[in-house]
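Colleague: In this text, residue positions in the sequence shown follow the numbering used here: the first is 420, and each later residue adds one.
Heads up, the beta-carbon is just placed ideally off N, CA and C, and yes, glycines get one too.
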Amino acid sequence: MKKILITMVIMLAMVGMVFAGGKKESTTVKTAAMKVAMVTDYGDITDQSFNQTTYEACKEFAEANGLAFQYYKPSGDSTEARVSSINAAIQDDFNVIVLPGYAFAEAIVKTVDDNDDVTFVGLDVSEFDLVSSAEALGKANWKLPKNAFCAVYAEEIPGFFAGYAAVKEGFTHLGFLGGMAVPAVIRYGFGFVQGCNKAAEDMGIADKVTVEYIYGGQFYGDQAITAAMDGWYQQRGVEVVFACGGGIFTSACEAAAKVGGKVIGVDVDQSAQINQYGKDMCVTSAMKGLAATVKAVLTSVKDNSFATKYAAKIENLGLVSATDIEANFVQIPTATWSMKNYTVAEYKALVADIFNGKVKVSNDTEKAPACSITLNQYANIK
């Protein structure tokens with residue numbers, strides 16, 4: 420009897436091998452429990468920027484839906500370290516991996532094809548970032564596969580919001596300090612100019628509004644950039660600077676602190692960071708809706724609609740609602756609203772006007788927008 424039972428078990432096992440093709444059955448997010456991992460770029464989850472915003476959004480979604488969640492911090496600022504963290508998450512059976520920032524482009528190209536049972540979500544990772552990384556790795560004609568989605572953002576819209584709000588608040592001498600003249604930064608800057616111009620025209624003060632415009636040539640502050648900002652605030656009389664480009668905001672803040680000047684943040688709500696340099700220094704921030712993106716994409720994975728909504732796509736995200744401002748992928752923050760003359764109600768009305776096409780915002784990066792205000796453009800600081 421024992422021999423018969425053993426023989427039957429062996430035969431059943433062999434049948435199973437035939438149906439499984441002799442391989443371990445793949446476990447996708449559809450057949451396995453959804454487990455969410457997030458890998459930081461070269462910062463930490465307390466950076467008050469991309470990492471922290473993404474971490475908090477992932478954690479909140481996971482807790483609300485009873486899902487496992489963990490974050491991984493690479494050992495250093497390199498593609499190899501990021502790849503190692505991605506692989507560690509996969510080895511720990513996490514099957515949805517969220518990656519914030521363009522620095523992940525090469526890491527995505529290196530790992531996504533070999534892990535088709537894992538869903539990759541890249542935030543602020545553009546087609547250019549991915550294709551150029553693939554070409555550098557010798558992968559000609561590489562395409563984003565169906566187990567991945569990457570989002571970029573219509574930066575000209577939050578830039579417009581910030582410029583419009585600043586002029587409506589009462590500032591008439593403004594500055595734009597960009598990091599490097601890459602498309603995303605240019606869209607922020609030209610959007611900012613358009614917003615300043617629209618508000619000035621709406622208020623009938625276009626002849627009284629001036630915007631100074633410059634790129635630092637790098638994504639961090641230093642003595643040379645701080646000196647340039649000192650000149651703006653102290654000699655030219657600039658009241659507020661939109662600092663757009665990673666850590667370059669530190670130079671704007673250091674210069675602003677000497678004269679009680681103001682600064683506008685970028686990408687996320689930077690009020691906590693900027694206000695460390697001076698009480699109420701931050702006017703507002705031109706934000707990318709990282710949290711909204713995380714929520715929307717993870718929801719699609721959970722309800723099995725990822726394949727139809729996001730698979731293999733690189734989307735430029737912007738406004739999706741005229742009334743639900745928190746659902747939009749580009750915005751300025753209302754939770755830390757500090758402006759006195761420009762109201763949340765006016766902001767919501769502007770959102771509706773842009774969404775409905777009443778107000779147009781150009782995304783052209785080739786030439787500065789035509790405007791009625793004075794726009795002074797300067798050569799790069801570096």
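The alpha helix (DSSP H) with Tyr766 in it runs from where to where?
Modeller: Element bounds for Tyr766: Val763 to Phe774.
Colleague: Buried or exposed for Asp533, please, with buried defined as at least 16 other CB atoms from any protein chain shown within 10 angstroms of its CB.
Modeller: So Asp533 counts as exposed.
Colleague: For Tyr797, is the classification buried or exposed, using 16 other Cβ atoms within 10 angstroms of its Cβ as the cut-off for buried?
Modeller: Per the 10 Å Cβ criterion, exposed.
Colleague: At the level of alpha carbons, what is the spacing between Ala508 and Met457?
Modeller: Each residue's alpha carbon lies about 8 Å from the other.
Colleague: For a test of the three-state rule: what should DSSP assign to Gln689, helix, strand or coil?
Modeller: Coil, per DSSP.
Colleague: Can you give the Cα-Cα distance for Ala585 and Phe469, rounded to whole angstroms?
Modeller: For Ala585 and Phe469, the distance between alpha carbons rounds to 24 Å.
Colleague: What separation, rounded to the nearest whole angstrom, lies between the Cα atoms of Gly520 and Phe480?
Modeller: Straight-line Cα distance between these residues: approximately 20 Å.
Colleague: What span of residues does the beta strand (DSSP E) with Met706 cover, start to end?
Modeller: It spans Cys701 to Lys707 - the beta strand (DSSP E) in which Met706 sits, taken as one unbroken run.
Colleague: Express the C-alpha separation of Ile733 and Asp543 in angstroms, rounding to a whole number.
Modeller: Approximately 10 Å, taken between the alpha carbons.
Colleague: Quick check on Gly597: does DSSP put it in helix, strand or coil?
Modeller: If DSSP states are grouped into helix, strand and coil, Gly597 belongs with the strands.
Colleague: In terms of alpha-carbon separation, which member of Ala452, Ala451, Lys454 and Thr465 lies closest to Gln689?
Modeller: With distances taken between Cα atoms, Gln689 lies closest to Thr465.
Colleague: With distances taken from CA atoms, which of Thr762, Gly708 and Phe668 is nearest Ser740?
Modeller: Of the candidates Thr762, Gly708 and Phe668, the one whose C-alpha sits nearest the C-alpha of Ser740 is Gly708.
Colleague: Relative to the C-alpha of Ala573, which candidate in Asn566, Lys558, Gly597 and Ile605 has its C-alpha closest?
Modeller: For the residues Asn566, Lys558, Gly597 and Ile605, the minimum Cα distance to Ala573 belongs to Ile605.
Colleague: Could you have a look at Phe488 and say whether DSSP puts it in helix, strand or coil?
Modeller: Strand, per DSSP.
Colleague: Can you tell me which residues form a DSSP beta bridge with Ile576?
Modeller: DSSP output for Ile576 lists no bridge partner at all.
Colleague: From Ala522 to Phe539, what distance separates their C-alpha atoms?
Modeller: About 14 Å.
Colleague: Beta strand (DSSP E) containing Lys698: first to last residue?
Modeller: Here Lys698 belongs to no beta strand (DSSP E), and DSSP marks it neither H nor E.
Colleague: With 16 other CB atoms within 10 Å as the buried threshold, where does Gly557 fall?
Modeller: By the 10 Å Cβ count, Gly557 comes out exposed.
Colleague: Between which two residues does the alpha helix (DSSP H) containing Thr629 stretch?
Modeller: Careful: Thr629 lies outside any alpha helix (DSSP H), inside the beta strand (DSSP E) at Thr629 to Tyr634.
Colleague: If we ignore side chains and look at the alpha-carbon of each, how far apart do Arg655 and Gly679 end up?
Modeller: Cα to Cα, the separation comes out at about 14 Å.
Colleague: Roughly how many whole angstroms lie between the Cα atoms of Ile505 and Val528?
Modeller: The straight-line gap from Cα to Cα measures roughly 12 Å.
Colleague: Do you know how far the Cα of Lys801 is from the Cα of Lys767?
Modeller: If you take the alpha carbons of Lys767 and Lys801, they lie about 38 Å apart.
Colleague: In angstroms with no decimal places, state the Cα-to-Cα distance between Ile644 and Asp621.
Modeller: Going by the C-alpha atoms only, they are around 33 Å apart.
Colleague: Whole angstroms are fine: how far does the CA of Ile576 sit from the CA of Phe595?
Modeller: Each residue's Cα considered, the two are about 15 Å apart.
Colleague: With 16 as the cutoff for other CB atoms within 10 Å, does Ala646 come out buried or exposed?
Modeller: Ala646 comes out exposed.
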